[in-house]
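K.L.:
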Amino acid sequence: MSSPVLLVLGAGPGVGLAAARKFAQHGYKVALAARNPSEETSKAADLVVKIDFSDPSAVASTFEKVKGALGIPSVVVYNAYSWHPSEVDPFSVSVADFQTDLAVNTTSAFAAAKEAVKGFESLPKDSSKTFIFTGNILNVRQMLIFTSIGAGKSATAHIIANAAAAYLSKGFKFYYADERTPDGGPVNKDIDAHAHAEFFYNLARDPKQGPWLATFVKDKGYVDFTAADRAFLDA
Ligand SMILES: NC(=O)c1ccc[n+]([C@@H]2O[C@H](COP(=O)([O-])OP(=O)(O)OC[C@H]3O[C@@H](n4cnc5c(N)ncnc54)[C@H](OP(=O)(O)O)[C@@H]3O)[C@@H](O)[C@H]2O)c1
Ligand SMILES: *[C@@H]1O[C@H](CO)[C@@H](O)[C@H](O)[C@H]1NC(C)=O
Numbered sequence: 001m002s003s004p005v006l007l008v009l010g011a012g013p014g015v016g017l018a019a020a021r022k023f024a025q026h027g028y029k030v031a032l033a034a035r036n037p038s039e040e041t042s043k044a045a046d047l048v049v050k051i052d053f054s055d056p057s058a059v060a061s062t063f064e065k066v067k068g069a070l071g072i073p074s075v076v077v078y079n080a081y082s083w084h085p086s087e088v089d090p091f092s093v094s095v096a097d098f099q100t101d102l103a104v105n106t107t108s109a110f111a112a113a114k115e116a117v118k119g120f121e122s123l124p125k126d127s128s129k130t131f132i133f134t135g136n137i138l139n140v141r142q143m144l145i146f147t148s149i150g151a152g153k154s155a156t157a158h159i160i161a162n163a164a165a166a167y168l169s170k171g172f173k174f175y176y177a178d179e180r181t182p183d184g185g186p187v188n189k190d191i192d193a194h195a196h197a198e199f200f201y202n203l204a205r206d207p208k209q210g211p212w213l214a215t216f217v218k219d220k221g222y223v224d225f226t227a228a229d230r231a232f233l234d235a
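Start counting the sequence shown at 1; every next residue gets the next number (the working numbering).
(1) Using 10 angstroms around the beta-carbon of H158, count the other beta-carbons present and answer buried if the total reaches 16, otherwise exposed.
(2) Is any heavy atom of ligand 1 found at a distance shorter than 6 Å from the C-beta of D219?
(3) Quick one, what's near ligand 2 if you take every residue whose CB is closer than 6 Å to any heavy atom, in chain order?
(4) Let me make sure I understand the geometry here. Which of T226, A34, L7, K189 has the alpha-carbon closest to that of V75?
(5) Select from D229, D126, V217 the residue whose C-alpha is nearest the C-alpha of H194.
(6) Comparing the CB of A195 with every heavy atom of ligand 1, is any distance shorter than 6 Å?
(7) Please give the ranges of any beta strand (DSSP E) in the segment 15 to 56, keeping only runs that are unbroken, at least 3 residues long and fully inside the region.
(8) According to DSSP, is Y176 helix, strand or coil?
(9) Count the C-beta pairs between the segment 96 to 108 and the segment 26 to 43 that are closer than 8 Å, then say yes if the count reaches three, no if not.
(10) If I'm right that Y28 touches S3 with Cβ under 8 Å, what's the distance once you round it to whole angstroms?
(11) Does ligand 1 have even one heavy atom less than 6 Å from the beta-carbon of N36?
(12) With respect to the alpha helix (DSSP H) encompassing I160, which residues constitute its N-terminal and C-terminal limits?
(13) Looking only at C-alpha atoms, which of N139, E115, Q142 sits nearest to T130?
(14) Quick check on G185: does DSSP put it in helix, strand or coil?
(15) For F53 and I132, what's the separation of their Cα atoms in angstroms?
(16) Do N139 and K153 have their beta-carbon atoms positioned less than 7 Å apart in this structure?
(17) Look at the Cβ atom of L215, then the Cβ atom of D178, and state whether they are nearer than 7 Å.
(18) Grouping DSSP H, G and I as helix and E and B as strand, with all else coil, what is A214?
(19) So for V88, helix, strand or coil by DSSP?
(20) What does a CB cutoff of less than 8 Å around A44 pick up in its chain, not counting 5 residues either side in sequence?
(21) Alpha carbon to alpha carbon, how far is K250 from D224?
(22) Sort G68, A112, S86 by Cα distance to A80 and report the nearest one.
(23) Spatial neighbours of L123 within its chain, please: CB distance less than 8 Å, with the 5 preceding and 5 following residues excluded, ordered by chain position.
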């Protein structure tokens, strides 16, 4: 059997690099796509695609390249994000900057999920078919990071929820992965790339769809924070 393929869209020194190393250790071929792939990230990959996802049409061509060079990806991670700080006033961001951020945070993620599904349809029955979007707490606690508009995370979470339900019977898995602190808060700058890689690998290995809202804690894995999130919104 040929090696399974991992594709990370938006692969930098953080989550992308850690995931590349983790999956490679387990026999995956790895394709990484980023705007400015570093030498370190490139070394961890079998294929590097230099691309800008502020143009969502870049997504389909990335999948084409990966398919041609390594095969159809069975695990797809969308990790790119774009952020123009909004200060305290959410409308201090220009419409053009908002549009760019939304293209990277959501439209290209939508395009990636679409391409991933196209590929999943033609993969063997027993292969892991897993799409993971790297999220954060902004989809459920909108006001928590005051300098962020954060709209794209909510929108993409919505897409992931729909996809998880729609493709459940086919065994295609969809996750919005969100690392939290043990008490359910955002990890912010303390984001742990290795914890992401570990969690992603476990999601890929599990044959069954788990909760699409995949909140997780380092060294613990999935933790259900829906009650804490609801209490936060009610307060
Ligand atoms: N759970 C939490 O509380 C939490 C906290 C922090 C972050 N996060 C999430 O974690 C993810 C990223 O973390 P990370 O540590 O992996 O960051 P990272 O190492 O900087 O990776 C992000 C990658 O995305 C690429 N990228 C950005 N815009 C792009 C574009 N237009 N086209 C192509 N590639 C693009 C960047 O490339 P360039 O270097 O070329 O820009 C970079 O390589 C994000 O989704 C973020 O929202 C979650
Ligand atoms: C895009 O995502 C980043 C990271 O969560 C966030 O800071 C930014 O506000 C988001 N922008 C939009 C328009 O969604």
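Virtual Cβ for every residue (Gly too), placed ideally from N, Cα, C.
The model shown is predicted, which means the values in this text are computed figures rather than measured ones.
P.N.:
The structure says:
(1) By one-based count along the sequence shown, residue 158 stands at place 158. Exposed, since its Cβ has fewer than 16 Cβ neighbours within 10 Å.
(2) Position 219 of the sequence shown, counted from the first residue, corresponds to residue 219. No - ligand 1 has no heavy atom lying nearer than 6 Å to the Cβ of D219.
(3) Y81, S82, W83, F98, D101, L102, N105, N136, L138, S148, I149, G150, A151, G152, K153
(4) Position 75 of the sequence shown, counted from the start, is the residue given in the question as residue 75. For V75, the nearest C-alpha among the options comes from L7.
(5) By one-based count along the sequence shown, residue 194 stands at place 194. Taking only the C-alpha atoms, the option nearest H194 is V217.
(6) For the purposes of this step, residue 195 is taken as residue 195 along the sequence shown, with counting starting at 1. Answer for A195: no, Cβ out of range of ligand 1.
(7) 29 to 34, 47 to 50
(8) As a first step, residue 176 is located in the sequence shown; it is residue number 176 there, counting from the start. Note: Y176 maps to strand in three-state DSSP.
(9) no
(10) Reading the sequence shown from its first residue, position 28 is the one you call residue 28. Reading the sequence shown from its first residue, position 3 is the one you call residue 3. Going by Cβ atoms, the distance from Y28 to S3 rounds to 6 Å, so yes, they are a contact pair.
(11) In the sequence shown, counting from the first residue as 1, residue 36 sits at position 36. Distances from the CB of N36 to the heavy atoms of ligand 1 include at least one below 6 Å.
(12) As a working note, residue 160 is residue 160 in the sequence shown. DSSP places I160 in the uninterrupted alpha helix (DSSP H) bounded by 151 to 166.
(13) Taking the first residue of the sequence shown as 1, we reach residue 130 at position 130. Looking from the CA of T130, the closest CA among N139, E115, Q142 belongs to E115.
(14) Looking up residue 185 in the sequence shown gives position 185. In the structure shown, G185 sits in coil (DSSP, three-state: anything other than H, G, I, E or B).
(15) Taking the first residue of the sequence shown as position 1, residue 53 is located at position 53. Taking the first residue of the sequence shown as position 1, residue 132 is located at position 132. In this model, F53 and I132 are separated by some 17 Å (Cα to Cα).
(16) In the sequence shown, counting from the first residue as 1, residue 153 sits at position 153. In the sequence shown, counting from the first residue as 1, residue 139 sits at position 139. Yes.
(17) Locating residue 215 in the sequence shown gives position 215, counting from the first residue. Locating residue 178 in the sequence shown gives position 178, counting from the first residue. The displayed chain sequence assigns Thr, not Leu, to residue 215. In contact: T215 and D178 (Cβ atoms closer than 7 Å).
(18) Mapped onto the sequence shown, residue 214 falls at position 214. A214: strand per DSSP, three-state reduction.
(19) Counting from one through the sequence shown, the residue named residue 88 turns up at place 88. Coil, per DSSP.
(20) Mapped onto the sequence shown, residue 44 falls at position 44. For A44, where only same-chain residues beyond five positions count, the Cβ hits under 8 Å are L17, A20, R21, A24, V30, L32.
(21) With the chain covering only 1 through 235, there is no way to say anything about residue 250.
(22) Taking the sequence shown and counting its residues from 1, the one referred to as residue 80 is at position 80. Considering only alpha carbons, the answer is A112.
(23) One-based indexing of the sequence shown puts residue 123 at position 123. Within the same chain, L123 has close Cβ partners I72, S74, K129.
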